[in-house]
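Residue numbers (my numbering): 563 to 894.
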């Protein structure tokens with residue numbers, strides 16, 4: 563029997579298939595390597611984007627934390643602390659844009675201005691509610707109810723006017739000049755709201771649903787007016803500024819702290835402006851109601867290099883030492 567031989571056409575076809583597989587494998591390898599390189603390039607680009615964003619977010623985060631602490635401190639003097647903080651902080655966020663200027667520290671005066679805006683918004687809402695009830699007077703019979711509603715409308719408008727006067731006055735730079743007037747105006751705004759309620763309670767024939775509806779609408783306005791009055795009553799007569807470039811009242815924190823009155827029952831604020839302050843700040847036991855705040859953790863830096871080698875004990879080497887009755891010492 564003749565020996566079997568491979569068909570030359572089959573061998574040629576197998577060689578072509580083998581060559582095709584090799585080419586396919588090379589393509590897959592090239593595609594795989596290219597994909598890996600592309601992924602690495604994309605990862606590098608993403609990291610390059612995220613690093614500055616993360617840095618910016620960390621910086622803005624510290625500024626937001628600084629603002630939150632200041633708002634909480636100012637709201638601490640009010641009767642309704644939670645509503646004070648949440649309303650003011652929410653309004654601040656809604657008024658802010660993405661610019662860096664919106665994340666800079668917030669001052670006590672700015673917090674008070676925000677509280678006035680919150681109060682004004684609620685009073686305008688209350689006025690609108692009373693006006694709507696007045697227009698839908700079909701269920702109510704008799705002139706007494708209508709007169710009571712008209713009286714409330716005038717009183718709430720008077721409250722709005724006094725809050726607007728407070729806003730205009732607080733735009734002035736000299737705090738001692740307007741604080742007394744603003745206290746009087748906000749007290750008047752509170753009295754207006756209470757007088758409105760008294761007028762509704764005075765007449766027995768006014769329906770309880772009407773009285774209850776207006777009372778419910780007035781709750782927030784009364785609370786926020788009370789908050790604004792408490793805040794303005796605690797605004798210091800002046801905010802001392804410390805600036806290394808000489809643009810403030812003092813160039814060092816120590817000078818500002820030493821200049822504050824001792825055992826004061828009134829709160830004093832020291833604003834330490836942007837910069838690095840190389841000093842050891844000591845606040846003694848006679849410095850009461852003193853609060854320091856800066857422009858953010860990465861903007862206002864207090865540092866010192868005193869140590870045992872300089873002949874200074876550990877007890878006295880701290881950058882910022884506090885042995886005092888303080889309502890709030892904000893991180894600078």
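All residues carry an ideal CB built from backbone N, CA and C; glycine is no exception.
Own chain residues within Cβ distance below 6 Å of residue i, not counting five before or after
i: residue 811; result: 802, 803
i: residue 863; result: 838
Collapsed DSSP secondary structure at residue i in the structure displayed
i: residue 639; result: coil
i: residue 820; result: helix
i: residue 808; result: coil
i: residue 734; result: coil
i: residue 801; result: strand
i: residue 826; result: coil
i: residue 849; result: coil
Per-residue burial, residue i [other beta carbons within 10 Å of its own, 16 or more giving buried]
i: residue 847; result: exposed
i: residue 840; result: exposed
i: residue 781; result: exposed
i: residue 789; result: buried
i: residue 684; result: buried
i: residue 670; result: buried
i: residue 774; result: exposed
i: residue 742; result: exposed
i: residue 655; result: exposed
i: residue 710; result: buried
i: residue 856; result: buried
i: residue 858; result: buried
Residue span of the beta strand (DSSP E) that contains residue i, given as start and end
i: residue 858; result: Premise fails: residue 858 is in no beta strand (DSSP E) and is neither H nor E.
i: residue 838; result: 837-840
Neighbourhood of residue i by C-beta distance below 7 Å, restricted to the same chain and skipping five residues each side
i: residue 679; result: 653
i: residue 794; result: 674, 741, 744, 745, 748
i: residue 676; result: 650, 653, 654
Residues near residue i by beta carbon distance below 8 Å, same chain, minus five either side
i: residue 822; result: 802, 830, 832, 849, 852
i: residue 706; result: 765, 767, 768
i: residue 817; result: 804
Residue i - containing alpha helix (DSSP H), residue span
i: residue 781; result: 770-796
i: residue 832; result: Residue 832 -> not in any alpha helix (DSSP H); beta strand (DSSP E) instead, spanning 830-834.
Query - Inter-stretch contact (C-beta, 8 Å, three-pair minimum) for the region 772-788 and the region 637-645 - result: Verdict: yes, contact present.
Report task. Could you tell me whether the region 748-756 touches the region 765-773, where touching means 3 or more Cβ pairs closer than 8 Å? Result -> Verdict: no, contact absent.
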